Amino acid sequence: MAFKIDVQNLNLFYGEKQALFNVSLGLPASQTTALIGPSGCGKSSFLRCLNRMNDVVPNLHLEGKVLLDGKDIYDPSVDVVDLRSHVGMVFQKPNPFPRSIYENVAYGPRIHRLFKDKSALDQIVEKSLTRAGLWDEVKDRLQQAATRLSGGQQQRLCIARAIAVNPKVILMDEPCSALDPIATAKIEELIDELREKFTLVIVTHNLQQAARISQKTAFFHSGYLVEAGETGELFTTPKDERTQGYITGRYG
Amino acid sequence: MAFKIDVQNLNLFYGEKQALFNVSLGLPASQTTALIGPSGCGKSSFLRCLNRMNDVVPNLHLEGKVLLDGKDIYDPSVDVVDLRSHVGMVFQKPNPFPRSIYENVAYGPRIHRLFKDKSALDQIVEKSLTRAGLWDEVKDRLQQAATRLSGGQQQRLCIARAIAVNPKVILMDEPCSALDPIATAKIEELIDELREKFTLVIVTHNLQQAARISQKTAFFHSGYLVEAGETGELFTTPKDERTQGYITGRYG
Amino acid sequence: MTSNLRKRHRQEKWFQRMGLFSLCLALLFLGIIFGKILITGLPAFFKTEIEAKSAPQHLLNPYAQYVDQGKWTAASDAVDMYYKNGYPGTLSPQDSQSIEALKSQNKIRLSFNGAFFTHSDSSAPEMAGIWGALLGSLLTLLITFLTAFPIGIGAAIYLEEFAPKNSHIYWIEATINNLAAVPSILFGLLGLLAFIHFIGLPRPSALVGGLTLGLMSLPVIVVTTRASLSAVPFALKEAALGLGATPLQVLFHHVIPSALPGITTGVILSLARALGETAPLLMIGMVAFIATPPSSFLDPATVLPVQIFNWSRSPEMGFVENTSGAILVLLLILGLLNGLALFIRKKFETHHGF
Amino acid sequence: RLAGSSAIFPFAARVAEYFHYKTQEPTPLIEGLGTGAGIKLFCEGTRELDGVMASRPFTETERKKCEQQNIDFQEFKIGQDGLVLIEKKGSQFFPIRIEDLRSAIAEKVFVKGQCLKNPYMIWSQIQPSFPVLPLRILGPAPASGTYDVLLEKIKGPCDSLLRHDGIYIEAPANENLIIQKVLTAPHTIGIITFSFYEQNKNRIRALSVNGVLPFLKTIQDGHYPLSRPLYIYIKLNDLSDHLNRLLYMREFTSNDAIGKSGYLTEKGLIPLPQSEQRNIQKDLAQLFKTGGSS
Amino acid sequence: MRSLWVERCAKVFFFLCAVGTVLISIGIVVSLLGETFRFFARVSVFDFLFGLTWAPHTLPSGEEVGFGAIPLFTGTLLITSIAMAIALPCGTLIAVYLSEYARPSLRQVFKPLLETLAGIPTLVYGFFAITTLAPFFQSLGDTLYITLSSESALIAGLVMGIMILPYMSSLCEDALHRLPHSLREGSVGLGATASETILRVLLPAAFPSLIAAFLLSLSRAIGETMIVVMAAGLAANLTFNPLEAVTTVTVQIVNLLTGDQEFDNTKTLAAFGLGFVLFILTFFLNILALYGIKRHRRIYG
Ligand SMILES: Nc1ncnc2c1ncn2[C@@H]1O[C@H](COP(=O)(O)OP(=O)(O)OP(=O)(O)O)[C@@H](O)[C@H]1O
Ligand SMILES: Nc1ncnc2c1ncn2[C@@H]1O[C@H](COP(=O)(O)OP(=O)(O)OP(=O)(O)O)[C@@H](O)[C@H]1O
Ligand SMILES: [Mg+2]
Ligand SMILES: [Mg+2]
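Residue numbers (my numbering), protein chains in the order written: chain A, 295 to 546; chain B, 295 to 546; chain C, 7 to 360; chain D, 35 to 328; chain E, 319 to 619.
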């Protein structure tokens with residue numbers, strides 16, 4: 295099976311401290327992969343390796359390979375700016391720019407010059423917002439400040455913003471943890487739709503959520519990838535007893 | 295049935311905006327009552343009325359009665375400082391004082407002068423920490439800064455701090471939402487034990503949690519108390535269709 | 007790599023370089039200024055001395071005949087300049103010859119200028135020192151502190167913790183913010199009218215200077231204190247309130263301790279600013295020749311920056327050195343104050359776990 | 035305790051120190067507030083001022099104010115101050131006349147029977163013999179006493195101020211800076227007081243005015259046209275309790291101070307002619323008598 | 319119940335402190351107003367505010383002439399604009415560099431350094447700027463065949479710019495540093511370069527604080543006295559040519575009040591008139607800033 299992203303023997307160090315131990319994981323295209331595990335096990339660290347968001351962290355040291363479409367993204371020839379336009383990211387807390395809704399979505403296309411004229415840009419914005427299920431709610435107030443949207447709307451706006459640059463992969467780090475159930479439900483629905491076009495990787499604390507939305511699940515524990523596999527299988531018949539302990543809630 | 299706290303026809307206004315509409319709810323002694331409902335429905339507002347934490351909010355206006363052991367806490371003769379020593383509160387995010395663990399727990403007894411001498415205070419601290427299930431973990435480092443504890447430990451410390459003034463009622467506003475599953479499990483266990491001595495009121499977003507730990511559940515919706523009753527009953531045979539919609543996850 | 011991408015990277019590099027360039031440019035200018043201060047100021051810490059008996063009177067400092075200054079006596083300003091810089095000034099050719107003669111006899115020497123730190127102002131640069139001004143600055147600053155600190159903190163606490171959020175308070179806030187930006191010279195005018203003309207306090211005393219600078223520092227202290235008070239997480243106050251603490255207990259047990267590093271640094275920095283202020287003090291007449299160091303707040307006093315200002319416009323060449331020397335001392339004190347502020351901030355910063 | 039003109043400030047301070055060393059009395063306090071502020075304080079009567087330093091005589095209103103407050107005072111003209119036109123040593127020297135100076139710095143000049151806005155931009159426009167250099171003159175600012183003196187001295191048929199079109203530059207009250215600027219910008223003429231000139235003689239050079247160079251002597255005997263008198267006014271109220279005032283003035287007017295080679299003369303104060311000096315000393319002696327008896 | 323009156327007293331004390339602070343403001347206005355009125359009794363407001371000549375003088379006829387403050391304000395404006403033209407871009411760039419590009423260790427060294435520099439008395443800058451920088455710029459001008467006189471607005475402005483620079487960049491750095499990290503992540507995660515993040519996200523987001531920093535620096539420049547006392551002349555030329563000498567309001571205030579004029583004379587009263595206008599000016603600037611910030615907050619939360 296060809297993975298969209300293939301991580302091979304990844305070791306990650308924050309200074310002296312090793313945060314990831316020899317992690318190998320393939321992320322299949324057009325599927326949603328959920329990363330679960332107790333707090334501090336390295337889920338976020340792993341996720342951030344996938345689009346080199348870790349680059350700016352001081353003293354960070356990394357070994358191993360991360361192949362995107364077969365090409366190592368840590369190769370010196372790879373341009374990280376370009377890479378991130380292919381691998382988008384959505385964060386735990388919605389972080390819209392303090393500008394208008396329109397500008398938020400137009401930001402990515404603008405910096406990457408993905409459009410010819412104003413109307414093309416308008417189209418991109420509309421399409422992205424529609425995909426993110428936000429268009430109907432905001433179409434009359436595109437010029438309004440994005441920060442005045444509700445939390446769930448903001449998070450969907452962030453997703454729209456990420457979609458707008460037309461990435462291949464979208465990484466999400468606990469996108470729903472700051473949201474209430476209704477907003478969460480909307481986002482889950484959205485994730486399910488997006489799967490068709492994008493490869494999705496989602497970190498979540500919520501096992502039910504992982505079970506609901508993902509096709510593949512990877513369980514991390516204190517820096518090790520303990521188990522990964524088809525979601526249904528992993529939740530029903532975990533092979534490792536640590537996985538079992540975690541998903542039954544007996545243990546972290 | 296005599297309620298520890300009996301709320302009668304409570305209307306709450308933030309300036310012009312009404313946040314609670316004619317809420318009447320009795321909170322039985324030595325039981326845990328869970329408050330559930332979608333975001334913004336007024337759970338926190340309601341909870342904060344119970345120990346007048348809302349007093350500092352500007353433009354707040356309140357009608358109705360809140361009886362604690364039959365006495366209206368909004369009566370002008372009631373001293374709010376005294377009231378709060380009877381009705382403790384634990385918040386969503388653990389908020390220990392930036393002092394030692396010992397000082398955190400000792401703070402309440404100190405300001406209320408609840409002890410005779412140093413050894414009595416030591417005893418109070420030990421007892422509270424033991425009740426909060428934290429004593430074994432911290433007994434060797436009571437003088438260490440509380441902020442260096444992990445999130446779950448901090449939250450238990452906050453509970454210990456609330457217990458230390460020997461309140462009758464403890465209010466908790468989403469005490470586990472910032473915690474990982476293991477820490478959550480520990481807190482839930484603790485809540486279950488505390489119920490024997492205290493009357494507990496807990497706001498939570500997590501329906502499973504509400505079902506696990508509470509004896510009575512109240513469902514709020516956009517400022518109205520839609521339904522309240524025995525937890526098992528409410529979750530299995532909700533009377534209102536809004537309740538039904540919410541607990542089946544179909545609807546906010 | 008597409009051309010678009012290459013262009014963006016080029017822009018990126020240029021932008022970064024511009025930042026670095028600005029930084030270097032600013033450092034360069036400041037470096038020039040400080041280098042110059044150091045070069046002109048250092049000689050002020052040394053002075054020329056002559057063996058009193060062997061030299062003509064007029065080569066010695068003008069007061070040599072009235073006070074016995076021991077075997078070695080400070081030479082006159084002109085000799086000092088000549089000996090240090092070979093700069094003839096107002097010396098006659100005979101004078102230079104006699105200095106050369108003294109030199110060959112080892113009866114003239116350069117020694118550490120202790121008098122610069124122990125003497126007060128004098129009209130003769132070779133005898134002038136900064137002690138009186140330093141003491142004046144200290145007394146003035148003390149008054150500034152005593153007035154601005156309690157009132158400033160009190161006002162900040164009221165506005166941040168107790169004030170109702172209504173339009174009156176809004177105007178009070180706006181006014182205080184404005185005051186923080188009002189030119190310092192206007193505080194000088196206020197001091198002149200209020201303290202001297204209206205109340206009739208003695209002038210030029212540390213009291214009036216201190217009060218004037220106090221007025222000036224007050225709004226700054228209010229603003230910085232408010233900033234650090236508002237940085238105290240609300241959760242902390244909630245926690246204490248929830249335990250049944252009174253508002254005052256919350257304030258003194260939690261809010262102020264948490265905000266203390268910020269408050270102290272703010273206060274120290276505003277005092278540092280008051281220490282270096284000249285213009286408002288010119289207005290209230292602290293431009294004075296005061297040879298006796300002040301011994302109380304009502305005594306005539308001047309402050310270091312005003313002394314510097316005064317010296318800088320004196321005709322004698324020696325005062326140029328003295329000016330720079332005094333500036334060096336002033337900078338040193340400011341540096342120490344800033345260091346102290348930094349130390350306090352680093353040392354006592356509370357780390358909230360949330 | 036004296037306050038007033040900053041022009042007399044250095045002299046008064048120097049005398050104060052000698053006074054201290056000679057009599058062992060505390061050093062008097064000298065404040066350089068400016069003549070106006072000094073007189074205001076003096077005449078308000080509430081202050082402890084014993085005297086005021088002035089670079090101009092009292093005006094009528096000031097006298098009246100003092101009278102209202104019952105303040106008696108005695109005027110002492112203690113010397114003169116010369117204004118020196120300086121240039122950087124080594125620049126081209128040219129003798130200047132008062133009329134030339136007027137043409138250079140007045141706002142309106144008298145040309146062909148008319149008062150016109152000053153048209154001169156280059157020295158040689160004023161006098162063909164002058165160098166072909168742009169006019170650039172640094173001098174006192176309007177609020178200072180020196181400015182008024184300058185204005186008075188160059189008074190011509192047109193009642194005019196000094197020009198402010200950038201040619202006459204009103205410099206800050208810090209003459210060291212004027213000297214600095216003259217040194218760094220060649221072809222600039224500075225107008226400074228004699229004491230500063232004395233201290234910096236080796237770097238700058240004076241221009242002759244009406245053919246007279248500024249020396250102690252020429253200013254003293256009035257040949258040099260640009261000079262102004264300096265005064266000290268001493269309060270006479272309760273003189274018997276404040277004999278120090280007179281003692282101080284005795285020091286000030288002694289030969290040691292303003293004599294031919296007195297220490298103030300070395301500092302650049304232009305002493306009075308012998309006869310006038312003797313008169314002042316006599317006045318002072320008189321005061322000693324009456325002050326002591328009353 | 320317990321020590322209720324202590325709570326009350328404390329509250330009253332704090333309130334009085336706040337009121338006291340405001341009283342200072344009122345004190346300034348009132349004290350200036352009295353003298354200002356006396357001044358305007360002699361010189362008409364119109365002549366003062368719109369007159370083009372500043373050369374205070376009483377004609378023998380008793381007429382007061384030359385009290386036109388326009389040259390002082392244009393002079394202030396000119397010097398301040400030059401100063402801000404330096405401090406604004408340089409200050410922002412330095413702030414951006416320290417906050418976004420520099421290694422944390424570098425930042426730790428430079429931040430306190432900036433704060434220390436910002437606190438240096440302007441007298442120091444004034445004195446040495448004139449004795450070192452002015453000749454430097456002058457010779458620089460000479461090599462470029464520009465006559466830069468040492469009291470030209472340009473040099474005074476440059477020096478003031480350099481003086482303001484540490485203050486400005488320190489304030490801006492604070493503003494940038496306070497921005498949540500999530501904003502940077504959001505932008506970088508979309509594939510923006512650092513400069514794009516800064517220019518399009520961070521600076522707009524920090525806009526209110528930047529404006530506040532700018533206006534604080536501006537007020538400081540407008541109110542700056544000692545540098546101009548030492549650097550620029552006192553020549554009240556009505557000009558916008560930065561190569562000519564101009565003067566500023568604050569300098570004139572010092573000059574008028576420490577001069578040899580008779581005290582209750584129109585010239586000295588003019589100082590209070592100038593002070594009053596200056597106060598109104600800074601007040602207005604700050605209200606403007608406050609309004610701008612509020613507006614921005616209202617739009618962008
Ligand atoms: N910048 C950093 N420097 C040093 N250590 C770090 C850094 N970031 C994370 N770590 C450490 O690396 C480990 C993994 O952290 P990571 O944030 O990836 O965990 P996580 O699984 O995302 O946890 P959570 O569920 O709480 O978000 C933790 O022990 C953490 O303390
Ligand atoms: N201080 C306040 N001023 C004005 N309105 C407020 C204030 N606090 C809360 N509200 C409003 O009152 C309503 C109820 O808020 P509340 O915080 O009680 O909801 P909640 O049920 O706790 O929601 P959540 O689950 O998100 O915490 C909301 O619409 C909220 O916007
Ligand atoms: Mg994480
Ligand atoms: Mg809530």
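Beta carbons are placed, not taken as given, at the ideal position from N, Cα and C, and that holds for glycine. All figures in this text were calculated on a predicted structure; none of them were measured in a lab.
Residue i, DSSP secondary structure in three states
| i | result |
| --- | --- |
| H375(E) | strand |
| D115(D) | strand |
| L321(B) | strand |
| E357(B) | strand |
| V491(A) | Here the sequence assigns Lys to residue 491(A), which means Val is not the residue at that position. Reduced to three states, the DSSP call for K491(A) is coil. |
| M383(B) | strand |
| I304(D) | strand |
| K323(D) | helix |
| K99(D) | helix |
| G200(D) | coil |
| L140(C) | helix |
| F307(B) | strand |
Candidates the options: closest to residue i by CA position
| i | options | result |
| --- | --- | --- |
| Q302(B) | K462(B), E527(B), K359(B) and I418(B) | K359(B) |
| L185(D) | S178(D), I225(D) and L195(D) | L195(D) |
| P307(D) | L169(D), Q214(D), C100(D) and K251(D) | K251(D) |
| F315(B) | P322(B), Q502(B) and N305(B) | N305(B) |
| H260(C) | A246(C), G135(C) and P311(C) | A246(C) |
| G334(B) | F409(B), K533(B), F529(B) and L519(B) | L519(B) |
| V273(C) | L66(C), T230(C) and I136(C) | T230(C) |
| R133(D) | G70(D), R170(D), V166(D) and C192(D) | Rather than Arg, the amino acid found at residue 133(D) in this sequence is Glu. When each option's Cα is compared against that of E133(D), the closest is C192(D). |
| A141(C) | M323(C), F315(C), S330(C) and S301(C) | Going by the sequence as given, residue 141(C) is Leu instead of Ala. Answer by Cα proximity: S301(C). |
| P374(E) | R615(E), I571(E), L528(E) and L603(E) | I571(E) |
beta-carbon residue i near ligand 5 non-hydrogen atom, thresh 6 Å
| i | result |
| --- | --- |
| C470(A) | Among the ligands present in this structure, namely ligand 1, ligand 2, ligand 3 and ligand 4, ligand 5 is not found. |
Proximal residues, the region 9 to 20 of chain C versus chain A, C-beta separation under 9 Å: N10, L11, R14, H15 and E18
Ranges of the alpha helix (DSSP H) found wholly within the region 463 to 529 of chain A, counting only runs of at least 4: 475 to 488 and 501 to 507
Short-range partners of chain A found in the region 502 to 513 of chain E, where Cβ spacing is below 8 Å: E503, G504, S505, V506, G507, L508, G509, A510 and T511
Complete alpha helix (DSSP H) runs within the region 123 to 182 of chain D (minimum length 4 residues, chain order): List check, alpha helix (DSSP H) in window: 132 to 139 and 157 to 160.
Chain B contacts from the region 127 to 143 of chain C (Cβ-Cβ distance under 8 Å): none
Whole alpha helix (DSSP H) elements within the region 283 to 360 of chain C, 4-residue minimum: As far as the region 283 to 360 of chain C is concerned, its whole alpha helix (DSSP H) runs of at least 4 residues are 285 to 289, 310 to 318 and 324 to 354.
Residues, ordered as in the chain, of the region 283 to 296 of chain C that lie near chain E by beta-carbon distance below 8 Å: E283, T284, A285, L288, M289 and V293
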